[in-house]
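Presented below is the structure to which this report refers.
Number of protein chains: 4
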Amino acid sequence: MMSNIHGIIGYTITPFGANGEGLDLPALGQSIDRLIDSGVHAIAPLGSTGEGAYLSDAEWDQVAEFSIKHVAKRVPTIVSVSDLTTAKAIRRARFAEAHGADVVMVLPASYWKLSDAEILAHYRAIGDSIGVPIMLYNNPATSGTDMSVELILRIVNGVENVTMVKESTGDIQRMHKLQLLGESQVPFYNGCNPLALEAFAAGAKGWCTAAPNLIPQLNLDLYAASLAGDLDRARELFYRQLPLLDFILKGGLPATIKAGLCQTGLEVGDPRLPVFPLSEAGQGQLQAILKTLR
Amino acid sequence: MMSNIHGIIGYTITPFGANGEGLDLPALGQSIDRLIDSGVHAIAPLGSTGEGAYLSDAEWDQVAEFSIKHVAKRVPTIVSVSDLTTAKAIRRARFAEAHGADVVMVLPASYWKLSDAEILAHYRAIGDSIGVPIMLYNNPATSGTDMSVELILRIVNGVENVTMVKESTGDIQRMHKLQLLGESQVPFYNGCNPLALEAFAAGAKGWCTAAPNLIPQLNLDLYAASLAGDLDRARELFYRQLPLLDFILKGGLPATIKAGLCQTGLEVGDPRLPVFPLSEAGQGQLQAILKTLR
Amino acid sequence: MMSNIHGIIGYTITPFGANGEGLDLPALGQSIDRLIDSGVHAIAPLGSTGEGAYLSDAEWDQVAEFSIKHVAKRVPTIVSVSDLTTAKAIRRARFAEAHGADVVMVLPASYWKLSDAEILAHYRAIGDSIGVPIMLYNNPATSGTDMSVELILRIVNGVENVTMVKESTGDIQRMHKLQLLGESQVPFYNGCNPLALEAFAAGAKGWCTAAPNLIPQLNLDLYAASLAGDLDRARELFYRQLPLLDFILKGGLPATIKAGLCQTGLEVGDPRLPVFPLSEAGQGQLQAILKTLR
Amino acid sequence: MMSNIHGIIGYTITPFGANGEGLDLPALGQSIDRLIDSGVHAIAPLGSTGEGAYLSDAEWDQVAEFSIKHVAKRVPTIVSVSDLTTAKAIRRARFAEAHGADVVMVLPASYWKLSDAEILAHYRAIGDSIGVPIMLYNNPATSGTDMSVELILRIVNGVENVTMVKESTGDIQRMHKLQLLGESQVPFYNGCNPLALEAFAAGAKGWCTAAPNLIPQLNLDLYAASLAGDLDRARELFYRQLPLLDFILKGGLPATIKAGLCQTGLEVGDPRLPVFPLSEAGQGQLQAILKTLR
Numbered sequence: 066m067m068s069n070i071h072g073i074i075g076y077t078i079t080p081f082g083a084n085g086e087g088l089d090l091p092a093l094g095q096s097i098d099r100l101i102d103s104g105v106h107a108i109a110p111l112g113s114t115g116e117g118a119y120l121s122d123a124e125w126d127q128v129a130e131f132s133i134k135h136v137a138k139r140v141p142t143i144v145s146v147s148d149l150t151t152a153k154a155i156r157r158a159r160f161a162e163a164h165g166a167d168v169v170m171v172l173p174a175s176y177w178k179l180s181d182a183e184i185l186a187h188y189r190a191i192g193d194s195i196g197v198p199i200m201l202y203n204n205p206a207t208s209g210t211d212m213s214v215e216l217i218l219r220i221v222n223g224v225e226n227v228t229m230v231k232e233s234t235g236d237i238q239r240m241h242k243l244q245l246l247g248e249s250q251v252p253f254y255n256g257c258n259p260l261a262l263e264a265f266a267a268g269a270k271g272w273c274t275a276a277p278n279l280i281p282q283l284n285l286d287l288y289a290a291s292l293a294g295d296l297d298r299a300r301e302l303f304y305r306q307l308p309l310l311d312f313i314l315k316g317g318l319p320a321t322i323k324a325g326l327c328q329t330g331l332e333v334g335d336p337r338l339p340v341f342p343l344s345e346a347g348q349g350q351l352q353a354i355l356k357t358l359r
Numbered sequence: 066m067m068s069n070i071h072g073i074i075g076y077t078i079t080p081f082g083a084n085g086e087g088l089d090l091p092a093l094g095q096s097i098d099r100l101i102d103s104g105v106h107a108i109a110p111l112g113s114t115g116e117g118a119y120l121s122d123a124e125w126d127q128v129a130e131f132s133i134k135h136v137a138k139r140v141p142t143i144v145s146v147s148d149l150t151t152a153k154a155i156r157r158a159r160f161a162e163a164h165g166a167d168v169v170m171v172l173p174a175s176y177w178k179l180s181d182a183e184i185l186a187h188y189r190a191i192g193d194s195i196g197v198p199i200m201l202y203n204n205p206a207t208s209g210t211d212m213s214v215e216l217i218l219r220i221v222n223g224v225e226n227v228t229m230v231k232e233s234t235g236d237i238q239r240m241h242k243l244q245l246l247g248e249s250q251v252p253f254y255n256g257c258n259p260l261a262l263e264a265f266a267a268g269a270k271g272w273c274t275a276a277p278n279l280i281p282q283l284n285l286d287l288y289a290a291s292l293a294g295d296l297d298r299a300r301e302l303f304y305r306q307l308p309l310l311d312f313i314l315k316g317g318l319p320a321t322i323k324a325g326l327c328q329t330g331l332e333v334g335d336p337r338l339p340v341f342p343l344s345e346a347g348q349g350q351l352q353a354i355l356k357t358l359r
Numbered sequence: 066m067m068s069n070i071h072g073i074i075g076y077t078i079t080p081f082g083a084n085g086e087g088l089d090l091p092a093l094g095q096s097i098d099r100l101i102d103s104g105v106h107a108i109a110p111l112g113s114t115g116e117g118a119y120l121s122d123a124e125w126d127q128v129a130e131f132s133i134k135h136v137a138k139r140v141p142t143i144v145s146v147s148d149l150t151t152a153k154a155i156r157r158a159r160f161a162e163a164h165g166a167d168v169v170m171v172l173p174a175s176y177w178k179l180s181d182a183e184i185l186a187h188y189r190a191i192g193d194s195i196g197v198p199i200m201l202y203n204n205p206a207t208s209g210t211d212m213s214v215e216l217i218l219r220i221v222n223g224v225e226n227v228t229m230v231k232e233s234t235g236d237i238q239r240m241h242k243l244q245l246l247g248e249s250q251v252p253f254y255n256g257c258n259p260l261a262l263e264a265f266a267a268g269a270k271g272w273c274t275a276a277p278n279l280i281p282q283l284n285l286d287l288y289a290a291s292l293a294g295d296l297d298r299a300r301e302l303f304y305r306q307l308p309l310l311d312f313i314l315k316g317g318l319p320a321t322i323k324a325g326l327c328q329t330g331l332e333v334g335d336p337r338l339p340v341f342p343l344s345e346a347g348q349g350q351l352q353a354i355l356k357t358l359r
Numbered sequence: 066m067m068s069n070i071h072g073i074i075g076y077t078i079t080p081f082g083a084n085g086e087g088l089d090l091p092a093l094g095q096s097i098d099r100l101i102d103s104g105v106h107a108i109a110p111l112g113s114t115g116e117g118a119y120l121s122d123a124e125w126d127q128v129a130e131f132s133i134k135h136v137a138k139r140v141p142t143i144v145s146v147s148d149l150t151t152a153k154a155i156r157r158a159r160f161a162e163a164h165g166a167d168v169v170m171v172l173p174a175s176y177w178k179l180s181d182a183e184i185l186a187h188y189r190a191i192g193d194s195i196g197v198p199i200m201l202y203n204n205p206a207t208s209g210t211d212m213s214v215e216l217i218l219r220i221v222n223g224v225e226n227v228t229m230v231k232e233s234t235g236d237i238q239r240m241h242k243l244q245l246l247g248e249s250q251v252p253f254y255n256g257c258n259p260l261a262l263e264a265f266a267a268g269a270k271g272w273c274t275a276a277p278n279l280i281p282q283l284n285l286d287l288y289a290a291s292l293a294g295d296l297d298r299a300r301e302l303f304y305r306q307l308p309l310l311d312f313i314l315k316g317g318l319p320a321t322i323k324a325g326l327c328q329t330g331l332e333v334g335d336p337r338l339p340v341f342p343l344s345e346a347g348q349g350q351l352q353a354i355l356k357t358l359r
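Chains as they are written, first to last, in this note's numbering: chain E, 66 to 359; chain U, 66 to 359; chain H, 66 to 359; chain Y, 66 to 359.
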């Protein structure tokens with residue numbers, strides 16, 4: 066049940082063919098190679114950036130299997146297996162484990178608001194079905210469910226293989242509370258890009274981000290400066306990359322990251338409708354921001 | 066493109082077998098018959114109450130086809146066809162139309178926040194794909210997207226077959242604004258149970274509700290009193306049924322309505338996990354409320 | 066301790082001299098006479114509209130004393146005595162009572178967030194200091210404190226002379242809850258102008274409003290239609306006056322009501338800075354709205 | 066117009082006599098001496114902690130004059146001069162300047178929501194009336210007004226002596242935006258205690274806090290570690306003092322700081338009602354927290 070997930074955890078996009086149809090697995094492979102070659106510490110397919118929610122079950126399986134195989138243990142693979150029913154989330158978790166995932170990530174996706182007891186039972190059922198560690202993921206903006214720190218710790222304490230927490234509310238006080246109430250024993254990871262500096266300051270063990278698709282070295286350098294305890298350098302590195310971090314958050318990760326990959330020579334198609342590809346104006350802004358960072 | 070949807074629009078549950086597996090179509094048929102026999106003015110399958118979001122595509126098709134056939138034009142059928150991608154929502158809308166739906170309902174379901182332009186394009190693409198009217202559905206609590214009245218009217222004016230609006234924010238000012246800005250030409254329907262009295266006072270043409278599964282006569286009487294302009298009677302009827310309306314909203318519609326149907330002799334199974342069935346304490350409260358209303 | 070406050074409760078402005086300096090009591094007297102002559106059922110000086118919070122203590126005393134004397138029991142007078150400290154609120158309450166106020170209104174004004182126990186003690190201390198009834202006033206938008214219905218009922222049950230509730234959250238469910246939990250024994254009054262129709266539908270006993278300074282007959286007719294249980298006429302009257310109600314809320318009551326009084330021939334000066342008088346564009350809009358209502 | 070406000074800016078309480086009546090200026094003098102002797106870099110009387118809003122005008126003048134004289138230029142004095150009308154805020158600002166304040170702090174206190182133009186005019190009118198620098202203060206929780214970063218920069222650019230910004234929303238992104246849009250030229254200060262570590266990480270020039278009344282050395286050490294760029298030491302110091310920072314924020318600054326001063330031998334009375342003094346249970350918790358920090 067040990068894992069040592071840390072540092073820069075790179076999220077992959079899911080490349081589609083024309084009109085958002087079909088999967089372009091060769092392009093996915095290239096984007097994974099880029100991330101690993103740049104030095105990221107882990108790969109996370111099928112997250113928000115990966116449009117996991119917009120795939121059919123068959124497509125989801127293909128992307129999971131391909132990604133894990135392609136990473137080939139060069140770094141750990143963390144597969145997002147969230148689904149609306151407990152049964153379907155379990156199926157995905159088992160599938161990911163069976164194909165070699167090192168960790169699975171679970172967001173309590175919901176249509177009907179879930180009670181704390183329902184959320185705990187959901188994590189327990191998934192945890193009981195697999196042997197790999199689970200990274201609990203809190204992101205009310207996409208899941209509609211905001212887990213309190215108290216609930217998160219109940220889950221961590223109650224489900225053996227929930228051993229890590231990804232926090233994406235953007236509220237640094239959650240991390241403080243996790244640190245204090247969790248008595249520094251629960252590793253937490255930051256999922257809010259423009260909070261990267263402060264999350265590391267507060268003790269985050271890693272940064273879950275799609276930014277390394279575009280600016281891996283800046284992301285890695287920020288982590289290194291934080292790990293070295295060099296606040297002045299960390300601050301300087303953070304403010305340099307902040308315009309890009311703000312841009313990809315505000316513009317939507319699939320649209321902005323796909324546009325950015327395309328600008329750097331890797332054609333990965335558009336997001337699936339109703340999500341629009343990045344507008345021409347947006348592409349111009351992105352190009353301008355990226356130019357200042359090279 | 067004409068339709069005359071009005072009055073009490075009854076939402077159906079989706080009965081499952083043991084452990085939430087499989088569909089129980091005979092029970093679905095019985096629940097539909099009950100609603101129609103009680104006098105509701107329309108039937109709406111696969112909405113929030115119907116756990117549409119928790120079904121596989123194959124199950125969704127089965128429930129849609131069966132429901133439409135079983136209603137058999139005794140009253141209009143309004144099928145919720147929302148899905149996360151535009152392509153899948155179009156597929157469902159076409160399927161519903163092909164099988165005889167009178168109206169389709171569309172909520173702009175989202176994982177990534179949608180811009181106004183993305184939402185408009187989503188409705189346009191669906192509208193262009195079918196010939197039946199669309200009821201636009203605004204419910205930020207479940208969809209994560211809150212459409213402004215201005216956007217709603219842009220869609221109504223821009224997409225020919227979007228001709229009705231279901232408003233579920235619970236904010237009566239939205240209905241006022243629809244009435245004023247829409248120059249009394251856009252029929253709106255209330256989707257927030259504890260707002261039933263005021264929505265009719267403000268001019269709502271109908272009430273989209275799962276309550277008629279349990280208390281159809283009280284719902285119908287409230288509509289009749291409102292239509293007759295009898296405020297004192299409407300108020301009295303509303304406050305009588307309000308404890309039940311509050312209860313089913315607070316307890317979650319699938320769990321409470323399914324429990325209530327079971328208490329009145331129709332076994333329809335439990336909601337799908339992670340949604341819990343109604344607790345024993347809740348069942349006791351529900352029985353007590355229902356007892357006072359008979 | 067009896068009182069029979071009901072119907073249209075007209076809020077007065079506080080006229081100032083040039084540059085917001087000094088009080089113009091003759092103009093205040095004229096505005097009070099207009100309201101009473103138009104038929105309002107009570108007069109409420111020193112509320113939000115009356116810029117009570119922007120007066121010095123000496124000015125506050127002058128306005129309170131003058132208003133009560135000028136009304137001269139033609140209708141009941143309800144004086145807002147809210148202040149930031151309990152001691153100062155008690156002083157104002159006693160002053161108002163000593164000068165003949167029929168009712169005092171108390172908002173739990175706060176700088177530091179107050180606990181439920183602090184709010185209850187505040188009302189108790191004021192209640193114990195006077196003999197006239199208190200109208201409890203909930204308006205989180207101006208006071209920063211939102212009292213739950215449960216707290217409101219604890220105060221009503223625990224402080225003998227708190228006998229009425231003015232609700233200004235704009236959330237109709239608060240009134241429902243007051244009606245159900247209060248077992249129809251706690252009279253409530255609506256303080257949110259664009260909720261006038263629905264508040265009466267839900268059983269509000271009165272409407273606290275500055276609108277009668279400008280459109281008294283429409284306000285009174287809406288109340289009469291509601292009292293008569295005539296929903297269709299109430300709805301028609303409400304939608305006619307709604308543009309004016311929206312306008313004065315959105316534009317700020319002191320600025321819009323003062324501008325409107327000026328347009329109808331009663332010069333009452335400007336609000337005190339930093340609050341701006343109504344802009345020229347706003348004055349044009351207001352004139353246009355008022356024109357359609359005559 | 067130069068000023069070099071930085072580091073730990075200590076907020077003073079306002080000691081009252083029995084029952085919250087009268088001022089205890091000797092105790093105020095002692096609390097000021099304690100703060101200066103402990104090494105704070107500036108003294109700020111009449112802020113939120115100082116219950117400035119709860120004082121009569123005469124009391125406010127006394128406290129301002131006494132505080133400035135007692136500090137006697139040992140460190141800079143920053144006097145909060147906020148008031149509800151522009152005229153009264155100007156009077157206070159002039160009074161403070163005339164008695165030797167180095168800086169005045171202005172929160173756009175409001176009863177009626179203020180527009181951006183009204184807020185800008187308020188700051189301009191105050192700025193034009195005095196010669197000392199103004200620290201703009203954003204704290205929607207107490208003022209009811211949330212100034213956007215864009216508005217803050219318009220004020221800073223438009224009013225010559227508004228040269229510093231105190232940010233108390235607790236949202237670190239505001240500081241990022243001030244830094245980026247202000248092109249690193251607008252010094253900002255943190256007013257949210259549990260954000261102290263991250264604000265320094267993000268480049269805050271100082272920390273406005275009442276905590277040095279109780280734990281000055283820890284506050285000063287955190288500032289020193291941040292200034293030295295030593296992230297590991299800053300983090301360690303921050304987490305040590307965080308329970309105290311959380312406690313004083315959650316319990317209300319006047320109640321908790323006054324209780325803490327009393328526990329350390331300086332009797333300063335209770336807050337003014339309706340604000341309660343710290344409960345006995347709270348006093349026990351505070352004592353326990355303080356014990357671990359000595």
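Cβ atoms here follow ideal geometry from the backbone N, Cα and C, with glycine treated the same way.
Query	Result
Minimum Cβ-Cβ distance from Ile280 of chain Y to chain E less than 7 angstroms	no
Given 8 angstroms, three or more beta-carbon pairs between the stretch 234-244 of chain Y and the stretch 70-77 of chain Y	no
Residue nearest to Met170 of chain E in terms of C-alpha spacing, selected from E:Leu179, E:Pro141, E:Trp177 and E:Asp181	E:Pro141
Inter-residue spacing [alpha-carbon to alpha-carbon] between Tyr76 of chain E and Ala154 of chain U	27 angstroms
Where the stretch 276-307 of chain U meets chain H: residues whose CB sits under 9 angstroms from a CB there	Ala290, Ser291, Ala293, Gly294, Asp295, Leu296, Asp297, Arg298, Ala299, Arg300, Phe303, Tyr304 and Leu307
Given Asp193 of chain Y as reference, the closest of Y:Ala152, Y:Arg305, Y:Leu262 and Y:Ala174 once Cα atoms are compared	Y:Ala152
Neighbour flag for Leu111 of chain H against chain U, beta carbons, 7 angstroms	no
Extent of the continuous beta strand (DSSP E) to which Ser132 of chain Y belongs	No beta strand (DSSP E) contains Ser132 of chain Y, which is instead part of the alpha helix (DSSP H) from Asp122 to Val136.
Under 9 angstroms (Cβ pairs) to chain U, residues found in the stretch 329-357 of chain H	none
Residue from E:Leu318, E:Asp286 and E:Gly247 with nearest C-alpha to Leu111 of chain E	E:Leu318
Alpha carbon of Ala123 of chain E to alpha carbon of Trp177 of chain U, nearest angstrom	21 angstroms
The stretch 160-175 of chain H contacting the stretch 128-143 of chain H, beta-carbon criterion three pairs below 8 angstroms	yes
Selection of the stretch 164-198 of chain U by Cβ proximity to chain E, strictly under 8 angstroms	Pro173, Ser175, Tyr176, Trp177, Lys178, Leu179, Ser180, Ala182, Glu183, Ile184, Ala186, His187 and Ala190
Leu218 of chain H beta carbon less than 7 angstroms from that of Leu179 of chain H	no
Assigned secondary structure, Leu343 of chain E (DSSP; H/G/I helix, E/B strand, else coil)	coil
Ordered list of alpha helix (DSSP H) runs contained in the stretch 278-348 of chain E, each at least 4 residues	281-292, 296-316 and 318-328
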